[in-house]
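So the sequences go chain by chain: A and B.
In this text, residue positions in the first sequence follow my numbering: the first is -13, and each later residue adds one.
In this text, residue positions in the second sequence follow my numbering: the first is 15, and each later residue adds one.
Ideal Cβ placement from N, Cα and C applies to all residues, glycine included.
All values derive from a computational prediction rather than experimental measurement.
Each remark here refers to the structure printed beneath this line.
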Amino acid sequence: MEPAVNPMALLGASGQLAGRPLEEWNAAYGKVESYFHALRVRNKALLGQLVLRVLERAMRRAPDESNRSATQLAAEEMDHVVTEWFADVLQSPLTKADQTLSTRGRLALLLTDMPGKWQEQFLRPGPWPQEFTSAMRETFLRAGPDFQLSQMMPRPLDLGPITTLTNLGRFPYVRMALIWTLFALLLVGIFILTHQ
Amino acid sequence: MNTSGQSPSPQLHSLPRIARGWRLFVFYTSALALTGLVSMLFADLLWRTGWSASRTVLLALFVILFWFTAVGCMHGIYGFALRTFGTRQRITALKNFRGQNIDGISTAVVFPVCNEDVVRVYEGLRATFESVKKTGKLAGFDFFILSDSTDPDKWVEEERRWYDLVRELDALGKIYYRRRLVNEGRKSGNVRDFLNAWGRRYRYFMVCDADSVMRGETLVDLVKLMETHPTAGLIQTVPALINAETLFGRIQQFANRLYAPVFIAGLNYWALDLGNYWGHNAIIRTEPFMQFCDLPQLPGRKPFGGQILSHDFVEAALMLRENWEVWFAYDLEGSFEEAPQSLIENARRDRRWCQGNLQHSLVLFAKGLRGVSRLHLALGIFCYLTGPLWLAFLLTFNWIRWYQKYTGLSTITVHAFTPYLNLSGTAHALLIFIICMVVLMLPKFLSLIDLAHDSQRRHQFGGLARAISSVIGETIFSTLHAPLLMLWHTRFVVTNFLGMSTGWPSQKRADAGTKWLYALRRHWGHTLIGLVWGALMWQLDPTLFWWFTPVLAGMALSIPLSVLTSRMRPGIHARQMGLFLTPEETSPPPEIVSLRAQMKVHEITNDTTPRHRHAGLADAVLDPYINAIHVSLLREKRLNPVYAEQFTKLGVGSDETQQLAEKLLIEGPDKLTAPERLLVMADQRVMVWMHQQTWQRTGDSLAPWWRAAILEYSRQ
């Protein structure tokens, strides 16, 4: 775990914190807090502590990266903190190419019911209770059983006279001829009905 | 099907072919004999007033329409007789199936859905799951939600609620969720996709509709029946309508519960093991279904050509073609579904069914089909053709009267070949009218007698007096409803023949009640026809006008009829008066109690309140857990090579998708089309990236829509 930074030590005479206006850190705080809130960390004391931990890391980077906002730094650190913790808990190597670690970690948190049962363990450095680590490492979401692939194939269906009729429809002008025939039949019908 | 072994065609039959043929002959000869006699009387009536070409047309229409009514009446008579005197020729009575061991038998219960009310679908599934659990046979059943939803919000809601359901029921690995990438073949394609992926794991599969609920014991019984009858390919239950609250819904529900047992018993008399499939609440033997029931494309253009819409009848016909049996388990209780709650919703459903059934005319003469299958198909087609035929009958009748009046020809009645009846022309006409009414009403009357015999059922319908009052109420309503169906069906048939495809929109199942303006838009034509027709009739012959009032009233009053019967208040009021009660209302089974209780909880907690537009997209991107579920489900799909290929075809993983995602972040979801949003949401890599980006970017590099969504999250 990184050495703690005293934020007060970073507070400059101009009222700036780690070289940034307080307002900027306030926005960064809001962003990080929102994300942990979205992770259903509902304990306010824990939530505040976790947010501060992320902000401390961001503040440490702030003097060297003056072109980046406090929110950007904090959000990046938040991602790092969470992903590193997932790597530790899941015993999975942390590589930049592995886009799935974060997803796997979040899914494991959900499946082990971190918000309900293990809130105090979230982002805490190890060792963690055996039950918690086993649950995190072994749970997985299955949307379906193992595939047993096959391929249904329609059997030929001889439609009989209908095939002839539908084929007839392909000839040019059949529709027109049909409409004319119907019209002629209509005239014949009217004639018969009116000449009784 | 590319399976290792071919399923042998069964040779066993519960009844010798000749006995079945005899039943068919007797049943349809009864209908034909009745039609013949009454048609003779009608022809005689026409003869008495002078024959003409228009009378020939009228007689031909009468014969067709009466035959169809007589077939319905025969179902009532035969069904009543079988229920009164009993029969062993039903699948539940042929063998003792209750003791059948079904341990180790795997059955999938599938719920194909497409943009449905997610809460209602899942609560139906929950009720079914819990009911199966109580039987102690849960190990033999897996449940699948097979989504074809194209609405991104529905998609994400389905995933979110699936996880909640699985967690609440501790059913991970028992209730599965799968959304198709390409909705080829609609519902039948959805089921086929399931079978291609997992079908071989299951000996049977039970198809449910989005609003189906099944009792656990019934599911277990169906599996036992299949095991006891190795030649049965499909067993169809008769679902009871439930949960109607509007007056229209409750009347339909009452009619279904009172008349269906008698009617289906009659249907089973001639169908036996050559029954039919109604698309849901049926158990199917997987292997023969996979082998023989994949549907071919029909030649020609839409609406007749192309994909078979009403797949169920054809699938049953294909099963029968290969000598597999199809049965109605009409005496198995515990199969439920819901129905439209208003006249307009009912007509909307009819519109789809009409297209599907008319399309069957292409299959009707297919080589190799069993004669009974052709009969099932023909009856389905006729259901919708009777509307235009009845209209043609009424118009021809009016024409004859008009011609007679305006040509100045007098009606000279002559004696015909029935002089020994000694009837005047008016009495003769009245006799035919009475016979027609008896034929129409007899099944209802017999259903009431059937009810009177059974004290438990009688009590469940609120007692005989209330049931009689309800039948009278239902008859009055159906008299007014019938002319509207006639006009609607005529329109549907004509538009279909003109080549106007109806598509397959999701059914609106919620009960919101029809608004007056909406009813006016839908029914102004009916009202106008009713009023103009009425005025012409009055001018033509005031006496005749009064005979036509039931038909004309249905049309003229269609707007208030449609609005008032779609409201819950009249439905509740009728219930308080003890009208249209059904067994599921008076003594609801545990599954329905559970379903209603859960729906009430959702209603109280406002869980079903529609959320803002693109809420599903916001959840899938911003919510760390929903994003994880969504991505995980996409990843799992890739294990199926068919889906992997479809992902590639769709453009998932391409640079274009990445660019769309960037546009989505910077400009907001409204700047993308619905298919573009779906494409982005189908790309697991992009969805992970978007989750990261939305939480890392500063406000000025995100669209205002995303900023508002994040703000909403922080306030939750």
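* To do: Taking only beta-carbon positions, decide if A/Pro130 is within less than 7 Å of chain B.
  => Residue identity check: residue 130 of chain A is Gly in the sequence provided, not Pro. Under the 7 Å criterion on CB atoms, A/Gly130 is classed as interfacial with respect to chain B.
* Asked: Closer than 7 Å, CB to CB, is A/Ala61 near chain B or not?
  -> Yes, because at least one Cβ of chain B sits closer than 7 Å to the Cβ of A/Ala61.
* Between the CA atoms of B/Arg362 and B/Arg181 - distance to the nearest angstrom -> Cα to Cα, the separation comes out at about 37 Å.
* Looking at C-alpha atoms only, which residue of B/Thr300, B/Gly150, B/Ala74 and B/Arg140 is the closest neighbour of B/Trp212? -> Checking every option, the nearest Cα to that of B/Trp212 belongs to B/Thr300.
* Check the Cβ-Cβ distances between B/Ala524 and every residue of chain A, and say whether any is below 7 Å. => With a pLDDT of 45 at B/Ala524, under the threshold of 50, the modelled position of this residue cannot be trusted, and the question is left open.
* Between the C-alpha atoms of B/Tyr136 and B/Arg200, what's the straight-line distance to the nearest angstrom? -> C-alpha separation (whole angstroms): 20 Å.
* Determine the burial state of B/Ala466: buried for a count of at least 16 other Cβ atoms within 10 Å of its Cβ, exposed for fewer. => B/Ala466 comes out exposed.
* Closer than 6 Å: is that where the CB of B/Ala211 sits relative to any heavy atom of the ligand ATP? -> This structure does not include the ligand ATP; it has no bound ligands of any sort.
* Whole-number beta carbon distance between B/Gly630 and B/Val170, since they are thought to touch under 8 Å -> That pair is a contact at about 3 Å.
* Residues that B/Pro310 contacts on chain A, provided the C-beta gap is smaller than 8 Å -> For B/Pro310, the chain A residues whose Cβ falls inside 8 Å of its Cβ are Pro140, Arg141, Pro142 and Leu143, in order along the chain.
* Please confirm whether B/Pro166 and B/Arg699 have their CB atoms less than 7 Å apart. => Going by C-beta atoms, B/Pro166 is not nearer than 7 Å to B/Arg699.
* Own chain residues within Cβ distance below 8 Å of A/Gly80, not counting five before or after -> Inspection of the sequence shows that residue 80 of chain A is occupied by Leu rather than by Gly. These residues qualify, in order along the chain: Thr69, Glu70, Ala73 and Leu87.
* Taking the CB atoms as reference points, tell me whether A/Val67 and A/Met122 lie closer together than 7 Å. => No, they are not a contact pair.
* Asked: In this structure, what does DSSP give as the bridge partners for B/Ile341?
  -> Note that residue 341 of chain B corresponds to Trp in the displayed sequence, not to Ile. Answer is B/Ile249, bridged to B/Trp341.
* Which value, in whole angstroms, describes the spacing of the CA atoms of A/Arg110 and B/Ala642? -> Rounded to the nearest angstrom, the two C-alpha atoms are 21 Å apart.
* The alpha helix (DSSP H) with B/Ala224 in it runs from where to where? -> Where B/Ala224 is concerned, there is no enclosing alpha helix (DSSP H), given that its DSSP letter is neither H nor E.
* **the segment 483 to 493 of chain B contacting the segment 277 to 291 of chain B, beta-carbon criterion three pairs below 8 Å** => By the Cβ rule, the segment 483 to 493 of chain B does not count as touching the segment 277 to 291 of chain B, because fewer than three pairs are nearer than 8 Å.
* Excluding the 5 residues preceding and the 5 following B/Val645 in the sequence, name in chain order all residues of the same chain whose CB lies nearer than 6 Å to its CB. => If we look at B/Val645 and ignore the five residues flanking it on each side, its Cβ neighbours are Gln698, Met701 and Val702.
* When we look at the beta-carbon of B/Leu542 and count the other beta-carbons within 10 Å, is it buried (16 or more) or exposed? -> Exposed, because fewer than 16 other Cβ atoms sit within 10 Å of the Cβ of B/Leu542.
* From B/Gly263, B/Ala717, B/Met704 and B/Leu725, pick the residue whose C-alpha is nearest to that of A/Gln85; which is it? -> Out of B/Gly263, B/Ala717, B/Met704 and B/Leu725, B/Met704 has the C-alpha closest to the C-alpha of A/Gln85.
* **Bridge-paired residues (DSSP) for B/Val123** => Answer is B/Phe157 and B/Met220, bridged to B/Val123.
* Can you find a C-beta in chain A that's less than 7 Å from the C-beta of B/Leu60? -> Answer no: the Cβ-Cβ gap between B/Leu60 and chain A never drops below 7 Å.
* Can you list the residues of chain A that B/Asn210 reaches, using a CB-CB cut of under 8 Å? -> Here the neighbours are Leu135, Ser136, Gln137 and Met138.
* To do: Please list, in chain order, all residues of the same chain as B/Ala296 whose beta carbon is under 8 Å from its beta carbon, the five residues on each side excluded.
  => Around B/Ala296: Met220, Val221, Leu248, Ile249, Gln250 and Thr251.
* Asked: What residue does the alpha helix (DSSP H) around B/Phe459 start on, and which one ends it?
  -> Gly439 to His467 is the extent of the alpha helix (DSSP H) around B/Phe459.
* So is B/Ala723 in contact with chain A if we call contact Cβ pairs under 7 Å? -> Not an interface residue.
* Closer than 9 Å at the beta carbon, the chain A residues around B/Phe306 -> Those are Arg141, listed as they occur along chain A.
* To do: On a CA-only basis, which of B/Ile449, B/Phe39, B/Met582 and B/Arg37 is nearest B/Gly527? Give me that one, please.
  => Here the closest residue by C-alpha is B/Met582.
* Identify which residue in B/Ile189, B/Glu339, B/Trp367 and B/Val546 has its Cα closest to the Cα of B/Thr242. => Minimum Cα distance to B/Thr242 is reached at B/Glu339.
* Run down chain A in chain order and give the residues with a C-beta less than 9 Å from the C-beta of B/Lys381. => By Cβ distance, chain A contributes Leu143, Asp144, Leu145 and Gly146.
* To do: Could you check which residue in B/Ile463, B/Leu494, B/Ser492 and B/Thr493 has the C-alpha nearest to that of B/Ala479?
  => In this structure, B/Ile463 is the residue among B/Ile463, B/Leu494, B/Ser492 and B/Thr493 with its C-alpha nearest to the C-alpha of B/Ala479.
* To do: In the DSSP assignment, find the unbroken alpha helix (DSSP H) run with B/Ile486 in it and report its ends.
  => It spans Leu478 to Phe511 - the alpha helix (DSSP H) in which B/Ile486 sits, taken as one unbroken run.
* To do: Measuring only between beta-carbons, confirm whether A/Ser78 sits less than 7 Å from chain B.
  => Not closer than 7 Å to any Cβ of chain B, the Cβ of A/Ser78 fails to qualify, so no.
* Asked: Do B/Arg69 and B/Ala279 have their CB atoms nearer than 7 Å?
  -> One thing to note: B/Arg69 has its Cβ no nearer than 7 Å to the Cβ of B/Ala279.
* Going by beta carbon distance, what residues of the same chain come within less than 7 Å of B/Phe56, once the five residues before and after it are set aside? -> Around B/Phe56: Leu73, Phe76 and Ile446.
* Asked: Going by DSSP, what residues sit across from B/Leu332 in a beta bridge?
  -> Beta bridge pairing from DSSP links B/Leu332 with no other residue.
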